[in-house]
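To get the working numbering, take the position in the sequence shown, counting from 1, and add 44. Even glycine gets a Cβ: it sits at the ideal position worked out from N, Cα and C. Below is one structure, written out as structure tokens; comments come after it.
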Amino acid sequence: MQRTVNAHLQFTLGGQSDMLFQIAVAAGTPILSESFTFTNNGRVYLPREIVDSHGTRILRFTGDEGTYEVFYSANVAGSRPIEPVREIDLLGYLRPSRYAESDALYVQARSMFAGLTGLVLVNAVATWTHETLEYVPGSSTGTDSARTTLNVGRGVCRDFAHVVVTMLRACDVPARVAAVYAPGLSPMDFHAVAEAWVGGRWNVVDATRLAPRPSLVRISTGRDASDIAFLTNHIGNLRLSTVAVNAVSDTLVADDHLSAAVLA
């Protein structure tokens, strides 16, 4: 399966700022071709690449005041090898985090999903999240957590993923989130899914059911949205004006969204 992905960002800096971009496909992905440019009024910036233990590629550079454009594109063939799993990671993905307050929702989760284990539990959480929340583009903010989302009953992909991760951790299942390019997604954007550690592997859970899981291309991996944001800046004021994402695949495989799926 070949996939072509690209992203275009435009933003303005009010002063010098340290910026971190997570828009490149994960390290280890079989990339046929790849390109990225960072420019400001004709000046080209060359970011430094930092790679974490999950293959997340953080592109970092310091920019001065001005209007910037970022273009990224890649052609991908097949899937990246499954990364080794470390015990320390599994322990970390059992703990509550900023946007996934599994300690606060512990009683609710244990009551709702009592007696369920393994993939039966994972599918029950995914189905409940899908049926409980309404997917509404633009309905949430960058500070919304799983509890916030459940209180308002709506959200976007990151919110669905946070709820799934929170309920699974509360039921003693290691769970994490991943940012992906998602061919077949509508409306097209950066996409977020959850992953649950069951049966000795990470199983992809997309409670939005908006894109076929076999076509997904991993970008970044972490505890919650704080680890997988496509853009983070420090020091200077940044105003984002354009985010355009596209992802297409030469093959879109049907997905019943309840069988196990693995994201390489």
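My assumption, with CB atoms under 8 Å, is that residue i sits in contact with residue j. Please give the rounded CB distance.
i: residue 114; j: residue 225; result: Actually they do not touch by this definition, with Cβ atoms about 15 Å apart.
i: residue 247; j: residue 304; result: 5 Å
i: residue 205; j: residue 153; result: At roughly 15 Å, the Cβ-Cβ gap does not stay under 8 Å, so residue 205 and residue 153 are not in contact.
i: residue 280; j: residue 58; result: 6 Å
i: residue 159; j: residue 243; result: No, residue 159 and residue 243 are not in contact; Cβ-Cβ is about 18 Å, not under 8 Å.
i: residue 259; j: residue 297; result: 7 Å
Residue range of the alpha helix (DSSP H) that residue i falls in?
i: residue 171; result: 162–176
i: residue 220; result: Where residue 220 is concerned, there is no enclosing alpha helix (DSSP H), although the beta strand (DSSP E) it sits in stretches over 219–225.
i: residue 153; result: 150–156
i: residue 213; result: 201–214
i: residue 309; result: Because the chain here runs from 45 to 308, residue 309 falls outside it and cannot be looked at.
i: residue 270; result: 269–272
Quick one, which of the options has its alpha-carbon nearest residue i's?
i: residue 130; options: 104, 112, 152 and 98; result: 98
i: residue 179; options: 252, 71, 262 and 298; result: 252
i: residue 201; options: 238, 103, 243 and 105; result: 238
i: residue 272; options: 244, 107 and 69; result: 69
i: residue 110; options: 78, 182, 307 and 284; result: 284
i: residue 261; options: 82, 229 and 144; result: 229
i: residue 52; options: 101, 145 and 289; result: 289
i: residue 77; options: 108, 117, 45 and 185; result: 117
i: residue 127; options: 296, 264 and 287; result: 264
i: residue 92; options: 106, 198 and 133; result: 106
i: residue 190; options: 181, 182, 172 and 210; result: 210
i: residue 176; options: 185, 203, 186 and 150; result: 203
i: residue 138; options: 307, 267 and 223; result: 267
i: residue 218; options: 135, 278, 233 and 165; result: 135
How far does the beta strand (DSSP E) with residue i in it reach, from first residue to last?
i: residue 264; result: 261–266
i: residue 191; result: Not the beta strand (DSSP E): residue 191 falls in the alpha helix (DSSP H), residues 190–196.
i: residue 285; result: 282–293
i: residue 278; result: 275–278
i: residue 240; result: 235–242
i: residue 245; result: 245–249
Excluding the 5 residues preceding and the 5 following residue i in the sequence, name in chain order all residues of the same chain whose CB lies nearer than 7 Å to its CB.
i: residue 147; result: 140
i: residue 72; result: 99, 124 and 125
i: residue 181; result: 200 and 231
Would a check of beta-carbon distances place residue i closer than 7 Å to chain B?
i: residue 293; result: Of the protein chains in the structure, only one exists, and it is not chain B.
Near residue i, which residues of its chain fall below 8 Å by C-beta distance, leaving aside the five closest residues on each side in sequence?
i: residue 74; result: 120, 121, 122, 123 and 124
i: residue 270; result: 141, 142 and 143
i: residue 56; result: 110, 111, 112, 282, 283 and 285
i: residue 197; result: 176, 177 and 178
In chain order, what residues of the same chain lie with their CB nearer than 6 Å to the CB of residue i, ignoring the 5 residues before and after it?
i: residue 299; result: 256 and 257
i: residue 64; result: 102, 104 and 276
i: residue 207; result: 173, 190 and 193
i: residue 108; result: 60
| field | beta strand (DSSP E) segments (min. 3 residues) lying fully within the segment 45–124 | value | With a minimum length of 3 residues, the continuous beta strand (DSSP E) runs that stay inside the segment 45–124 are 46–57, 61–65, 75–84, 87–89, 92–95, 101–107 and 110–121.
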